[in-house]
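Residue numbers for the sequence shown follow UniProt numbering, so the first one is 1 and each next one is one higher.
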Amino acid sequence: MTMQQENPVEIEVSSAYVEDQSEPEEDRYVFAYHVVIHNAGERSVQLLNRHWIIRDGRDQTQEVRGEGVVGEQPHIAPGDSFEYTSGTVIETPVGMMEGSYEMRDEQGHTFEATIPPFTLSVPRTLH
């Protein structure tokens, strides 16, 4: 099997606990995550859809699929980046997220850009 093109998209994610929106006594832990999507390729790309897998510390899994991100389907020119911040709620102080974006290049080829796994953690919970 040969791939039509190399994945030119690089994704970095950082997360933060949102203490003032969380209610630990109600098993509600809110996290914000900031995503940077960088087009390292030679063609413009567009983010079409997102797919997230969110796991809490009890291995409860939520899958989120949808069009675009934060209400947009951004076009990203070669060398440019698109950044956004969003959030999620889980029932434990530690969890993880990973996923992928469905992307399309300017020639109409679609491909998956993998979102590497990252940790959701209340400060001072992990050692």
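Even for Gly, the Cβ is constructed at its ideal location relative to N, Cα and C. These figures come from a predicted structure and were not determined experimentally.
Check your understanding: In or out: Leu47 buried (at least 16 other Cβ within 10 Å) or exposed?
Key -> Residue mapping note: residue 47 aligns to position 47 of the sequence shown, counting from 1. Result: buried.
Check your understanding: Are the Cβ atoms of Val35 and Trp52 separated by less than 8 Å?
Key -> Locating residue 35 in the sequence shown gives position 35, where the first residue counts as 1. Locating residue 52 in the sequence shown gives position 52, where the first residue counts as 1. Not closer than 8 Å, so no.
**Study point:** CA-to-CA distance, Glu112 to Met1, given in whole angstroms
**Key:** Looking up residue 1 in the sequence shown gives position 1. Looking up residue 112 in the sequence shown gives position 112. Since pLDDT at Met1 reaches only 36, below the 50 mark, its modelled position is unreliable, and no value is offered.
**Study point:** Burial state of Ser14 (16 or more Cβ within 10 Å)
**Key:** As a working mapping, residue 14 is identified with position 14 in the sequence shown. By the neighbour-count criterion, in which 16 or more other beta carbons inside 10 Å mark a residue as buried, Ser14 falls on the exposed side.
Review point. Between the C-alpha atoms of Phe118 and Met96, what's the straight-line distance to the nearest angstrom?
Key: Working through the sequence shown from its first residue, we reach residue 118 at position 118. Working through the sequence shown from its first residue, we reach residue 96 at position 96. Distance between the alpha carbons of Phe118 and Met96: 6 Å.
Review point. Using DSSP with H/G/I as helix, E/B as strand and the rest coil, what is Gln60?
Key: Taking the sequence shown and counting its residues from 1, one reaches residue 60 at position 60. Gln60: coil per DSSP, three-state reduction.
Review point. Distance, Cα to Cα, His109 vs Asp80?
Key: The residue you call residue 109 lines up with position 109 of the sequence shown. The residue you call residue 80 lines up with position 80 of the sequence shown. Rounded to whole angstroms, His109 and Asp80 show a C-alpha spacing of 19 Å.
Review point. Under 8 Å between C-beta atoms, does Tyr33 make it to chain B?
Key: Note that chain B does not occur in the displayed structure, where there is just one protein chain.
**Study point:** Endpoints, the beta strand (DSSP E) within which Pro117 is located
**Key:** Translated into the one-based positions of the sequence shown, residue 117 becomes position 117. Segment Thr110 to Ser121, the beta strand (DSSP E) holding Pro117.
Review point. Tell me which same chain residues have a C-beta within less than 6 Å of the C-beta of Glu25, skipping the five on either side of it?
Key: Taking the first residue of the sequence shown as position 1, residue 25 is located at position 25. Closer than 6 Å at Cβ, skipping near neighbours: no residue.
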